[in-house]
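All remarks here apply to the structure that follows.
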Amino acid sequence: MEREPPASASVEVRAFGKDGVRIFWRVDGRAAKGAVALLYAADGSQEWLDFCDVDAEEGSGVRVVRSSTSLPRPRDVFWRCRCNGTLSAPAALGRRGVRPAGSPGAASATVCDVDEEMAFNVCQWYGTVLYDGRPRGEHDALRLRGSAFLGPGGLAPLARPWKDAALLVGEDWAPEQVQAVAARVVGAVYRLRGLEAFDRRFPRLCATGAGDEAPLPVLPNLILPGLFVGHQGHALTLPRWRNILGITHVVNLAEDRVPSEAEGVVYVRSLSGTALRDAQGEAASFASLALEMVPLIEGAVDAGGAVLVHCQQGRSRSCGLCAAYLVRVRGASLPEALAWIAARRPEMEVNAEYVRAMLEWEEPPACTFDALVQEHPRWIRTCGVARFHASEAVHFEGRTARVPPAGPHACTAAGAPEDAAEEGRSCETTGTKK
662 MEREPPASAS VEVRAFGKDG VRIFWRVDGR AAKGAVALLY AADGSQEWLD
712 FCDVDAEEGS GVRVVRSSTS LPRPRDVFWR CRCNGTLSAP AALGRRGVRP
762 AGSPGAASAT VCDVDEEMAF NVCQWYGTVL YDGRPRGEHD ALRLRGSAFL
812 GPGGLAPLAR PWKDAALLVG EDWAPEQVQA VAARVVGAVY RLRGLEAFDR
862 RFPRLCATGA GDEAPLPVLP NLILPGLFVG HQGHALTLPR WRNILGITHV
912 VNLAEDRVPS EAEGVVYVRS LSGTALRDAQ GEAASFASLA LEMVPLIEGA
962 VDAGGAVLVH CQQGRSRSCG LCAAYLVRVR GASLPEALAW IAARRPEMEV
1012 NAEYVRAMLE WEEPPACTFD ALVQEHPRWI RTCGVARFHA SEAVHFEGRT
1062 ARVPPAGPHA CTAAGAPEDA AEEGRSCETT GTKK
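The numbering of the sequence shown is this note's numbering, which starts it at 662 and goes up by one.
Right, dumping it as structure tokens:
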């Protein structure tokens, strides 16, 4: 009697957005039920990811898992997997504890003062909440678009949903206010002490007087004065916001997927025709392109222009080229350059091939590639896709879940569906990107 072939289930994971992941699952065979990655509603009461039963005996699908503020960040789990960790560790899958106001975690929260440029970037991060603690008169006269008025002593955040980060506008914030905000924020709490200088620098992000309720515009991240990094959503909507930031030049590193059609800007292109696909084996291509493009970017910035560098998702190619600019023009070490960009664009995840190429520019290098990956796994994409087979069962909150075993995982960039870029700051938590 012919034996039935063994069932198998595979899961492929790609980074998506600032903290999310895109999961591709495939199932073959009747016994593979229970090994398909499905998304549970990220509403703060259910796990963001569960390997559970499905009705179909065979099939495949895609799920986007967004960051949920009361649960483990999907990319944190993904990074552990790629760095030879295990998804079954309680630290990886356990529920994040809520920090009520007055708890030790909330009480010890600190506020990070930021300048106008950093405040601009915090405003553009997905999942940032903006609060204004100044007196009502000051708020009505000049306010940050999208900010909620609290006023001196206001504690409205206690009833607000969880957020990734918070920006507090105003000089004086009572400790109980900071605690209330920190109790509902997963990441850091930032403070912009005043709006006058910010308004002079970014007037279109502020509103004056009553009746102006236009939302905060969705813009790329500011790396340095005159240098911005973004994704295809920013490129496709460039005519709407170009004048807000004074963009004069555009470097499109994904011309095979994103058209270069905006009027009124200069598209900076490689004369050699070098193109990047964000794939393996592109170290030499990246080095060649960077050495050609960095002087052109430098010339545009020095002439008083503003350059948008974008690819498809704004995480690897564009951030890699900006890192090359910081290394070649500003004299930063590669770790310094990557840290600078990551602090301003948390989505950054540079192709490992590009990192290796830039390390060769340093004599001696500031660190080894392995040390950099080990210390900062979020910064570097060591593979295009984390691919593994569900093979090891563990118990998680009373149910049996399939998780990849600890140890090395086979990683490949071939044969995986293409990523869809994050267009703007969507607040969806389920489904695929449209």
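For every residue, glycine included, the Cβ atom is placed at its ideal position computed from N, Cα and C.
* Which same chain residues, not among the five before or five after Asn913, have their C-beta less than 7 Å away from its C-beta? -> Sequence-distant Cβ neighbours of Asn913 in its own chain, meaning closer than 7 Å and more than five residues away, are Ala896, Val919, Ser921, Tyr928 and His971.
* Please report the residue range of the beta strand (DSSP E) in which Leu969 lies. => Note, Leu969: beta strand (DSSP E), Val968 to His971.
* Asked: When the distance is taken between beta carbons, is Gly894 closer than 8 Å to Trp834?
  -> Their beta carbons are not under 8 Å apart, which means Trp834 does not touch Gly894 by this criterion.
* Asked: Should Pro881 be labelled buried (16 or more other beta-carbon atoms within 10 Å of its own) or exposed?
  -> It counts as buried.
* Can you give me the Cβ contacts of Glu953 inside the same chain, cut-off strictly under 6 Å, excluding the 5 residues immediately before and after it? => So the qualifying residues of the chain are Ser931.
* Asked: Using CA coordinates, which residue listed in Pro876, Arg1017 and Glu837 is at the minimum distance from Ala984?
  -> Ranking Pro876, Arg1017 and Glu837 by Cα distance to Ala984 puts Arg1017 first.
* Count the C-beta pairs between the region 777 to 788 and the region 1010 to 1028 that are closer than 8 Å, then say yes if the count reaches three, no if not. => No contact exists between the region 777 to 788 and the region 1010 to 1028.
* Should the region 982 to 1001 be regarded as contacting the region 955 to 962, the criterion being three or more beta carbon pairs within less than 8 Å? -> Taking 8 Å as the limit for Cβ pairs, the verdict is that the region 955 to 962 does touch the region 982 to 1001.
* Asked: Is the region 1034 to 1043 close to the region 900 to 914, with three or more CB pairs under 8 Å?
  -> Touching, no, given that fewer than three Cβ pairs across the two stretches are closer than 8 Å.
* Asked: Can at least three beta-carbon pairs, one atom from the region 825 to 832 and one from the region 788 to 805, be found at a separation below 8 Å?
  -> With a cut-off of 8 Å on Cβ pairs, the region 825 to 832 is in contact with the region 788 to 805, counting three or more such pairs.
* **Separation of Leu803 from Leu995, as counted between CA atoms** => One alpha carbon belongs to Leu995, the other to Leu803, and they sit about 40 Å apart.
* How would you write the range of the beta strand (DSSP E) that Leu885 sits in, first residue to last? -> Element bounds for Leu885: Asn882 to Leu885.
* Asked: To which residues does DSSP link Cys867 through a beta bridge?
  -> Bridge partners of Cys867 according to DSSP: Leu805.
* Nearest-angstrom Cα separation, counted from Arg806 out to Glu799 -> Distance from the CA atom of Glu799 to the CA atom of Arg806, rounded to whole angstroms, is 14 Å.
* Per DSSP, what kind of secondary structure is Gly788 in: helix, strand or coil? -> Correct three-state label for Gly788: coil.
* Asked: Distance, Cα to Cα, Pro878 vs Ile884?
  -> Roughly 18 Å separates the two Cα atoms.
* To do: Alpha carbon to alpha carbon, how far is Ala961 from Arg1042? Give it in angstroms, no decimals.
  => Looking at the backbone, the Cα of Arg1042 and that of Ala961 are separated by about 29 Å.
* Asked: Can you name, in chain order, every residue of its own chain whose Cβ lies under 8 Å from the Cβ of Trp1001, other than the five neighbours on each side?
  -> Excluding the 5 residues flanking it on each side, Trp1001 has same chain C-beta neighbours closer than 8 Å at Ile884, Leu987 and Ala993, in chain order.
* Between the Cα of Asp873 and the Cα atoms of Asp801, Ala915 and Thr1029, which residue gives the shortest distance? -> For Asp873, the nearest C-alpha among the options comes from Asp801.
* Do you know how far the Cα of Ala915 is from the Cα of Glu1023? -> One C-alpha to the other measures close to 28 Å.
* Asked: Which two residues bound the contiguous alpha helix (DSSP H) that contains Arg903?
  -> Residues Leu899 to Leu906.
* Return the bridge partner residues of His910 from the DSSP annotation. => Looking at the DSSP output, His910 sits in a beta bridge with Val927 and Val968.
* Could you tell me which residues DSSP pairs with Asp611 in its beta bridges? => Since the first residue of the chain shown is 662 and the last is 1095, residue 611 is not available in this structure.
* Taking only the alpha-carbon atoms, compute the straight-line gap between Gly981 and Glu1021 and give it to the nearest angstrom. => In this structure, the alpha-carbon of Gly981 lies about 14 Å from that of Glu1021.
* Under the assumption that Gly975 contacts Val890 (Cβ atoms under 8 Å), give the Cβ distance between them as a whole number of angstroms. => About 6 Å separates the beta carbon of Gly975 from that of Val890, a gap short enough to meet the 8 Å contact definition.
* When the Cα of Arg862 is compared with those of Ala1027, Ala998, Glu777 and Cys773, which residue comes out closest? -> When C-alpha distances from Arg862 are compared across Ala1027, Ala998, Glu777 and Cys773, the shortest belongs to Glu777.
* Could you give the residue range of the alpha helix (DSSP H) that holds Leu957? -> Per DSSP, Leu957 belongs to the alpha helix (DSSP H) from Ala944 to Asp963.
* Asked: Nearest-angstrom Cα distance between Gln973 and Pro813?
  -> Within the model, the alpha-carbon separation for Gln973 versus Pro813 is close to 43 Å.
* Where does Asp704 sit, in a helix, a strand or coil, going by DSSP? -> With a pLDDT of only 30 at Asp704, under the threshold of 50, the placement of this residue in the model should not be trusted; the figure read from the coordinates follows. Correct three-state label for Asp704: coil.
* Could you tell me whether the Cβ atoms of Val772 and Val847 are closer together than 8 Å? => Cβ atoms of Val772 and Val847: not closer than 8 Å.
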